[in-house]
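Down below is the structure, laid out as structure tokens.
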Amino acid sequence: MRAFQIAIIGGGVVGSAIARELSKYNLRVVVFEKGSDVASGASKANSGVIHSGINSPPSSLKARFCVEGNRMFPSLSEELGFPV
Numbered sequence: 000m001r002a003f004q005i006a007i008i009g010g011g012v013v014g015s016a017i018a019r020e021l022s023k024y025n026l027r028v029v030v031f032e033k034g035s036d037v038a039s040g041a042s043k044a045n046s047g048v049i050h051s052g053i054n055s056p057p058s059s060l061k062a063r064f065c066v067e068g069n070r071m072f073p074s075l076s077e078e079l080g081f082p083v
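Heads up, the sequence shown is in numbering that gives the first Met the number 0, so the first residue is 0 and it goes up one at a time.
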């Protein structure tokens, strides 16, 4: 039996992103997904909108994370080959 250092429950967009980030390090990671494929649950039903955070209070975590996340899209787009 293989031993893993980190187990991620759920292969949606968040679980997959965490697994991808952890793959950059010398770690043994496993993702457990109940569906037949990754991102086949709530992530698949998502509208796919890139939120700007404009409707959130400027001091909120949501606004901060929206801004930080949006700054990541150009490099992620190039690295993973998806249009923005």
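We put the CB at the ideal spot given by N, CA and C, even for glycine.
Is the beta carbon of serine 74 less than 7 Å from the beta carbon of valine 83?
One-based indexing of the sequence shown puts residue 74 at position 75. One-based indexing of the sequence shown puts residue 83 at position 84. No, the Cβ-Cβ distance between serine 74 and valine 83 is not below 7 Å.
Report the CB separation of valine 48 from serine 15 in whole angstroms; it is logged as a contact under 8 Å.
Translated into the one-based positions of the sequence shown, residue 48 becomes position 49. Translated into the one-based positions of the sequence shown, residue 15 becomes position 16. Contact flag wrong, Cβ pair sits at about 18 Å.
7 Å Cβ shell around serine 51 - same chain, five flanking residues per side excluded
Position 52 of the sequence shown holds residue 51. Cys65 and Asn69.
Verify whether the separation of the beta carbon atoms of serine 46 and glycine 11 is less than 7 Å.
Within the sequence shown, residue 46 is the residue found at index 47, counting from 1. Within the sequence shown, residue 11 is the residue found at index 12, counting from 1. No, the pair does not count as a contact, with Cβ atoms beyond the cut-off.
Residue range of the alpha helix (DSSP H) that alanine 18 falls in?
The residue labelled residue 18 in the question sits at position 19 within the sequence shown. Taken as a continuous stretch (DSSP letters only), the alpha helix (DSSP H) holding alanine 18 covers 12-21.
Smallest Cα separation from leucine 26: which of Glu32, Ile17 and Gly34?
As a working note, residue 26 is residue 27 in the sequence shown. Closest option to leucine 26, Cα to Cα, is Ile17.
Is it buried or exposed for glycine 9, if we count other Cβ within 10 angstroms and need 16 for buried?
On the sequence shown, position 10 is the one that residue 9 refers to. It is buried - the Cβ of glycine 9 has at least 16 other Cβ atoms within 10 Å.
In whole angstroms, give me the CA-to-CA distance for leucine 60 and phenylalanine 31.
Sequence index remark: in the sequence shown, residue 60 carries index 61 (1-based). Sequence index remark: in the sequence shown, residue 31 carries index 32 (1-based). Rounded to the nearest angstrom, the two C-alpha atoms are 28 Å apart.
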